[in-house]
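Structure, as structure tokens:
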Amino acid sequence: HVQAGFGGAIKNFGMGGVTKESKKMIHKGCEPVYNEKNCTLCGECEKACPFHAIKVKDRWYWNTKACLGCGRCVNACPTDALKFRDADLQYLLALSAKACVEGKKVFYINQLKNIARSCDCDPFAGPKICPDIGYVVSNDMVAVDKASLDLIHKEKGRVFEKVNKVDPEKQVRFAYNLGLGEINYSLVEL
Numbered sequence: 003h004v005q006a007g008f009g010g011a012i013k014n015f016g017m018g019g020v021t022k023e024s025k026k027m028i029h030k031g032c033e034p035v036y037n038e039k040n041c042t043l044c045g046e047c048e049k050a051c052p053f054h055a056i057k058v059k060d061r062w063y064w065n066t067k068a069c070l071g072c073g074r075c076v077n078a079c080p081t082d083a084l085k086f087r088d089a090d091l092q093y094l095l096a097l098s099a100k101a102c103v104e105g106k107k108v109f110y111i112n113q114l115k116n117i118a119r120s121c122d123c124d125p126f127a128g129p130k131i132c133p134d135i136g137y138v139v140s141n142d143m144v145a146v147d148k149a150s151l152d153l154i155h156k157e158k159g160r161v162f163e164k165v166n167k168v169d170p171e172k173q174v175r176f177a178y179n180l181g182l183g184e185i186n187y188s189l190v191e192l
């Protein structure tokens, strides 16, 4: 998933397990809040925006209709001129995932096949960026995503960061810090 960096259990529950209204709230919470005093008009936010919603010339301009609330501009800003309206997208995904699964017995299956740049819900997901690896299963949301990312990194390096310019492990760390599971795991191959 382009905005999350990786679409595994955390992203799939965090965005796929909620209502349309909740999805809108998550994206709205990731929109930039601009502080003109801190802005040097460097243009890093404009370069980071995949939706071309920001223009920087002699002033900062934000097209709210073009913005999908991914937060990449905020993460790219070197002067803290941009802050999240609420929080980082990956944190909100982990928080939303927690609301979906807390108190329930859940078994997670990540299919590491046909791995493309973007989510499989995107008709323009692009070509495969990693060979097929197989399936990763666990009753631990954090461990299943961490193991999946480790296997992908072993096969192709940090490919999601290269193509999406987003660290996919942020959502894993946020989910771990929220108590959704463990980062350490034992991989058993069948």
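Numbering (the numbering used here), first residue to last: 3 to 192.
Even for Gly, the Cβ is constructed at its ideal location relative to N, Cα and C.
Asked                                                                                                   : Found
Residue burial classification, Y137 (beta-carbon count within 10 angstroms, cutoff 16)                  : exposed
Buried versus exposed call for G159 [16 or more other C-beta atoms within 10 Å across all chains shown] : exposed
A118 - partner residues in DSSP beta bridges                                                            : K130
DSSP state of Y93 mapped onto helix, strand, coil                                                       : helix
Host beta strand (DSSP E) of F86 (start-end)                                                            : 84-86
Sub-7 angstroms separation of A6 and V146 beta-carbons                                                  : no
First through last residue of the alpha helix (DSSP H) which encompasses G16                            : 11-18
Straight-line Cα distance separating A55 from N65                                                       : 5 angstroms
CA-to-CA distance, A99 to N37, given in whole angstroms                                                 : 31 angstroms
Length at least 3, wholly inside the stretch 26-65: the beta strand (DSSP E) runs in chain order        : 34-36, 56-58, 62-64
Cα-Cα separation between A149 and P52, rounded to whole angstroms                                       : 28 angstroms
Distance CB(F109)-CB(F8) smaller than 7 angstroms                                                       : no
Contact the stretch 61-79 vs the stretch 24-35: 3+ CB pairs below 8 angstroms                           : yes
Extent of the continuous beta strand (DSSP E) run through Y137                                          : 136-140
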